[in-house]
Amino acid sequence: MEKETDPRPTTVTCAKPSPGFKLTIDNVDYHQNVHYMTEEHQNIDRHYVTVNATTNRISGNHLSTDSPVPGIKQMENGKCIPNHIEQKVQRANYIMLVQRILVENIPCLEFGQDIVEKHIHHKYSKEASQPTNVIAFAHFYNPTSAGDKCTLYSDRNVINRRSVKSDVDAAVNPCRHFFILELEARIVAAGMKELGIEELEEMSQCVPHQFESWTKAKKKEYLEELAATIVDKYILDKAKHKKIALATSQLEEKQL
């Protein structure tokens with residue numbers, strides 16, 4: 003007897019490659035001393051391990067797995083440093099970030115709060131929509147600099163942030179909040195200097211009183227110019243930045 007075949011068409015689906023994942027393993031150890039020790043009631047040692055698997059938000063499956071030829075030590079710097087377009091994009095990103103801090107902290111610039119970009123759009127904006135905590139703290143925080151004004155450790159003592167530690171892993175959130183506060187404070191100070199004000203509540207003579215009648219485009223142009231001045235004067239060396247962009251552009255032309 004012949005076996006009947008199913009007349010319905012079959013559909014074949016291709017499995018989507020996994021973007022990969024990371025394993026995070028952490029140990030938790032503690033020792034508990036008892037007040038009154040008996041044979042049954044001894045000091046306690048606890049040792050735990052926690053394991054999490056985190057899926058990569060951005061897949062690297064499209065990247066090559068081939069090793070560089072003839073090797074990374076022989077590779078020219080011009081092939082891995084940011085090109086002249088990326089140099090300009092980086093400066094534009096700095097300007098956008100500075101604008102946010104200025105309008106959020108200096109009252110006479112509050113008119114720009116609904117104008118500044120809230121997010122720097124890029125190729126992976128959708129995948130990277132979840133926040134990632136990155137601490138660049140250990141490079142700047144040094145307990146031996148307590149006597150040096152405007153260093154992180156000195157400021158930590160001035161504003162009494164005792165929860166901030168040299169060991170970032172022991173106080174991640176306090177260190178992160180303190181680092182952001184220090185960064186914003188320096189940008190606000192630069193903004194106040196450029197605006198010619200000594201108190202945050204002052205109305206700067208550099209801000210025209212008729213700004214309320216400005217169009218959004220005019221307000222945006224003013225904020226961009228102010229932020230660009232701060233970036234070029236206090237964050238990037240404008241002359242050096244232009245030289246780097248020009249040098250990378252010349253390297254790219256040679257490689258074509």
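Quick note, the sequence shown lines up with residues 3 to 258 if you use this note's numbering.
Yeah, the Cβ is synthetic: ideal placement off N, Cα and C, and Gly gets one too.
It should be emphasised that the depicted structure is a prediction, and the values quoted were computed from it without experimental measurement.
- Taken in chain order, the complete beta strand (DSSP E) segments of 3 residues or longer contained in the stretch 35–67 are 46–57.
- The beta-bridge partner set that DSSP reports for isoleucine 97 is empty.
- Between the stretch 95–113 and the stretch 224–238 there are three or more inter-stretch CB-CB distances shorter than 8 Å, so the stretches are counted as touching.
- The C-beta distance from glycine 22 to serine 61 rounds to 7 Å, short enough to meet the 8 Å contact threshold.
- Bridge partners of histidine 33 according to DSSP: Asp47.
- The alpha carbon of serine 20 has as its nearest neighbour, out of Arg59, Asn45, His33, Ile27, the alpha carbon of Arg59.
- The shortest CA-to-CA distance from leucine 154 to any of Leu183, Lys128, Glu129 is the one to Leu183.
- Straight-line spacing of the CA atoms in phenylalanine 113 and glutamate 223 works out to 13 Å.
- Measuring C-alpha to C-alpha distances from isoleucine 122 to each of Val105, Val100, Glu204, Glu106 identifies Val100 as the nearest.
- A residue is called buried once 16 or more other Cβ atoms fall within 10 Å of its Cβ, and threonine 250 is buried on that count.
- CA-CA distance, lysine 81 to alanine 229, rounds to 31 Å.
- In this structure, the CA atom of leucine 197 is about 53 Å from the CA atom of tyrosine 32.
- Between lysine 218 and the set Asp116, Gln92, Asn29, Lys242, the nearest pair of CA atoms involves Asp116.
- Selection Lys18, His49, Gly73 evaluated against asparagine 63 yields Lys18 as nearest (Cα-Cα).
- Distance from the Cα of proline 109 is smallest, within the candidate group Arg163, Met205, Lys221, Leu253, for Met205.
- Taking 8 Å as the cut-off, the Cβ atoms of isoleucine 246 and glutamine 89 count as close.
- Scanning Lys120, Thr26, Glu214, Val233 for the CA closest to the CA of threonine 56 turns up Thr26.
- With contacts defined as CB atoms closer than 8 Å, arginine 163 and phenylalanine 180 qualify as a contacting pair.
- Taking arginine 188 as reference, the option from Lys221, Ile74, Val233 with the minimal CA-CA separation is Val233.
- Around the C-beta of valine 118, 16 or more other C-beta atoms lie within 10 Å, and the residue is accordingly described as buried.
- Listed in chain order, the non-local C-beta contacts of isoleucine 199 below 7 Å within the same chain comprise Ser206, local neighbours out to five positions each way being set aside.
- Between valine 166 and alanine 172, the C-beta gap is not smaller than 8 Å, which leaves the two residues out of contact.
- In the same chain as histidine 43, and ignoring 5 residues on each side of it, the C-beta atoms closer than 7 Å to its own belong to Val36, in chain order.
- When only Cα atoms are considered, lysine 244 and glutamate 203 end up about 36 Å apart.
- Setting aside the 5 residues that flank it on each side, proline 176 is surrounded in the same chain by Arg163, Ser165, Val166, Lys167, each with a C-beta closer than 8 Å to its C-beta; the list follows chain order.
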